[in-house]
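4 protein chains.
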Amino acid sequence: QSSVADGRVDKIFASYSVYKGKAALSASPRLPTLSKLDSGGVKVDRKGSIMLTFWPAVSERKYDWEKKQHFALSATEVGSMINLGPQDSCEFFHDPAMLSSNAGKVRKSLSIKPHSDGSGYFFSLNVVNNILKTNERLVVPVTSAEFAVMRTAFSFALPRIMGWDHYTNQPLGTTHNN
Amino acid sequence: QSSVADGRVDKIFASYSVYKGKAALSASPRLPTLSKLDSGGVKVDRKGSIMLTFWPAVSERKYDWEKKQHFALSATEVGSMINLGPQDSCEFFHDPAMLSSNAGKVRKSLSIKPHSDGSGYFFSLNVVNNILKTNERLVVPVTSAEFAVMRTAFSFALPRIMGWDHYTNQPLGTTHNN
Amino acid sequence: QSSVADGRVDKIFASYSVYKGKAALSASPRLPTLSKLDSGGVKVDRKGSIMLTFWPAVSERKYDWEKKQHFALSATEVGSMINLGPQDSCEFFHDPAMLSSNAGKVRKSLSIKPHSDGSGYFFSLNVVNNILKTNERLVVPVTSAEFAVMRTAFSFALPRIMGWDHYTNQPLGTTHNN
Amino acid sequence: QSSVADGRVDKIFASYSVYKGKAALSASPRLPTLSKLDSGGVKVDRKGSIMLTFWPAVSERKYDWEKKQHFALSATEVGSMINLGPQDSCEFFHDPAMLSSNAGKVRKSLSIKPHSDGSGYFFSLNVVNNILKTNERLVVPVTSAEFAVMRTAFSFALPRIMGWDHYTNQPLGTTHNN
């Protein structure tokens, strides 16, 4: 009698995915990790994100999930994306090994650029890996309708990846100072 | 002592409906079907949609529910609709028998076209049934105010038909790797 | 040990109120009444609304709550309001005795008209009561900032007064057809 | 086995923070305090707000939290902020000692002014304390992307700081008039 409603499931698979000629793109929220403080409070331990996953087509309508590449959008990068006007573009740079001894050896960049006719955006993920000597580029054209889904779903997810859905009123009639 | 809050009800009837001269139109969300994986996770089994139902007027303010026609908007079609500017239009094509031996025999199309004065949209559902040899067209004019209700309610429903409301934080104090 | 979170409270008082020179205006949602069907489903019995209450000033910063007048915005009227551009106006007419023997004897109208400089709207409630032979007019100027609060809060409330927050997934592992 | 989901945590730390050259700015909701009425209802006792905190940089990437200054945005001030167009500005004045014998002795003002190139806003908090004879000014430039995060998160929080998330349907099958 396990229930979704009781929140005790381990992992949810509910991505929004678009499949195009050369690659596919899927998006799903990664919620923050919370931890309990000795004071009784709760703090955000690891920030949440919107995880974008790109994976290439290998033949018509077949895609190779093994070759997937991730790009985790921070809250501010999500803000940049949902704020894009029809002619705007944006670009983000990530170093997955930042702060480690491999810093600078893998560079990921995501660019979002408008179609010239305003009918959507190109999402391009470029991964330059100087350890494996690889340079991969995955490009997915996203229509205005698909972008509207992302904008709406990302706006829904944004306060949640920030942990703001955890602010809740104290139960009535309880006091903590006496 | 049954409660709505405990979520154990079977079915909710809470459509948004507009009744016009020649037909009525109602909209309500269909949530995704989830299933539990052996891994303990949960995945979206069947995607959700916004179900539009059209049914014809038979006399003044009387409508024939038996002659209803459905059109289930996918997440991307909802994105297209909530993204419509005052002068924009869109059109969607569905084959309810797709992938069966009857594929291509019933064709449904929904078009949403702006009133010439910008005061709303015409929602037109056309169902061509080559098995029953029928061709039905149901047209409902939707005012800007009614469209604003749909836009707001569909934006609320969109992350939910995608299953994104099921992403929830793990209970604190539990670990999965040890 | 009563809790807000357990949802068993009788009534919530959490209006958004603005106090101006000649009258005050407050707004709060009225949720729909739901009833259980023999089939096990749940339907919306009485639709929800956003209740607007106007009451007059009697002296500086003193208001007479006894003279309050209500106007319950339907979902579509809320749609009209949240859709208003800076130069748009709208007007709604209600007959509180509609369908009774007093139909037509009390007429309420609410008009929302932009300030000439685009800095907000006038909310004017006119109540003509032909039984009591009264004609009252209550006008509250609403700034753009206050209107933005209403737009955001009404957009939050709209799916809820429609009952759309009650659409929830079935618990996993239960089936209804076997 | 304490859980975030059961809502019994004392305090949540999930601010949205931006760190800039001369100061840092963080924002988080303060929910309203509710109290139970003898009638069984619940009312908002103390209104909620969005708490902004500014604190100065003392050296490169080091900030002095001890010198923090707060500014609590009311619902209407949040409405003003989320309504700002790219060229708009707004300014709010608070007296933290209002209604006490120290009224007028400390004056806080928050101004939000657009960058000349439309790429964001300057958030400037000025605190003039005539008791301590201090005059502090903390300025944080906020990019359009960061402002979009605030707009989306503040729009999420606004109905909640107003207490509107507490409006819930009565459990089915219960009546209060018999």
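Protein chains in written order, with this note's numbering: chain V, -17 to 160; chain H, -17 to 160; chain C, -17 to 160; chain Z, -17 to 160.
Ideal Cβ placement from N, Cα and C applies to all residues, glycine included.
Please read all numbers here as calculations on a predicted model, not as lab measurements.
Per DSSP, reduced to three states, the secondary structure at R28 of chain H is strand. Taking CB atoms only, E118 of chain Z has no neighbour in chain V less than 8 Å away. Within the stretch 38 to 60 of chain H, the residues whose Cβ lies closer than 8 Å to any Cβ of chain V are, in chain order, A57, T58, E59, V60. Sequence-distant partners of R119 of chain C (beyond 5 residues in either direction) whose C-beta falls short of 6 Å from its own C-beta, in its chain, are N108. With 16 or more other Cβ atoms inside 10 Å of its own Cβ, W37 of chain C counts as buried.
By the CB criterion at 8 Å, L55 of chain H and L34 of chain H fall inside the cutoff. Listed in chain order, the positions of the stretch 113 to 141 of chain C with a beta carbon within less than 7 Å of a beta carbon of chain Z are S126, A127, E128, A130, V131, T134, A135, F138, A139. DSSP places L140 of chain V outside any beta strand (DSSP E); the residue lies instead in the alpha helix (DSSP H), whose first and last residues are 126 to 143. Within a 10 Å sphere around the beta-carbon of G22 of chain C sit fewer than 16 other beta-carbons, which makes this residue exposed. Partner residues in the beta bridge of S10 of chain Z, as assigned by DSSP, are Z:M33. Judged by DSSP in its simplified three-state form, I113 of chain V adopts coil rather than helix or strand. Note on geometry: alpha-carbon atoms of S8 of chain H and M80 of chain C lie some 24 Å from one another. The beta carbon of K(-7) of chain V sits closer than 8 Å to some beta carbon of chain H. For P96 of chain V, the closest Cβ of chain H is not nearer than 8 Å. Under the three-state reduction of DSSP output, H148 of chain H falls in the helix class. In this model, D27 of chain C and S82 of chain Z are separated by some 50 Å (Cα to Cα). In terms of Cα proximity to A39 of chain V, the closest of V:S31, V:K29, V:Q51 is V:Q51. The stretch 98 to 107 of chain Z makes contact with the stretch 123 to 136 of chain Z: 3 or more CB pairs, one atom from each, lie closer than 8 Å. Secondary structure of G102 of chain C (DSSP, three-state): strand.
Here the alpha carbon of F53 of chain V sits roughly 31 Å from the alpha carbon of P96 of chain Z. Taken through DSSP and simplified to helix, strand or coil, K90 of chain Z comes out as strand. Among the residues of the stretch 3 to 15 of chain H, those with a Cβ less than 7 Å away from any Cβ of chain C are P11, L13, in the order of the chain. For L13 of chain V against Y149 of chain H, the beta-carbon gap comes to about 6 Å, under 8 Å, which counts as contact. Under DSSP, V122 of chain Z takes part in a beta bridge, and its partners are Z:F105. Residue burial is scored here from C-beta neighbours: S31 of chain C has at least 16 other C-beta atoms within 10 angstroms and is therefore classed as buried.
Close partners of A85 of chain H in chain C (Cβ separation under 8 Å) are lacking, with about 26 Å as the shortest Cβ gap. Near chain V, meaning a CB-to-CB distance below 8 Å, the residues of the stretch 21 to 34 of chain H are S21, G22, G23, V24, K25, V26. Between K90 of chain V and N112 of chain V, the gap from beta carbon to beta carbon reaches 8 Å or more. For I143 of chain Z, no chain C residue has a C-beta closer than 8 Å to its own C-beta; the minimum C-beta separation is roughly 10 Å.
Here F74 of chain H has E59, L92 as same chain residues with Cβ atoms under 6 Å from its own Cβ, once five neighbours each way along the sequence are excluded. Within 7 Å of the CB of Y(-2) of chain V, the CB atoms of chain H belong to A57, M144, in sequence order along the chain. Look at K44 of chain H here: in three-state DSSP terms it is strand. The beta-carbon of Y103 of chain C is placed no less than 8 Å from the nearest beta-carbon of chain H. In the three-state scheme derived from DSSP, where H, G and I count as helix and E and B as strand, A5 of chain H is classed as strand. Taking every protein chain shown into account, the CB of R133 of chain Z has 16 or more other CB atoms within 10 angstroms, so this residue is buried.
The Cβ-Cβ distance between A5 of chain C and V124 of chain C does not fall below 8 Å.
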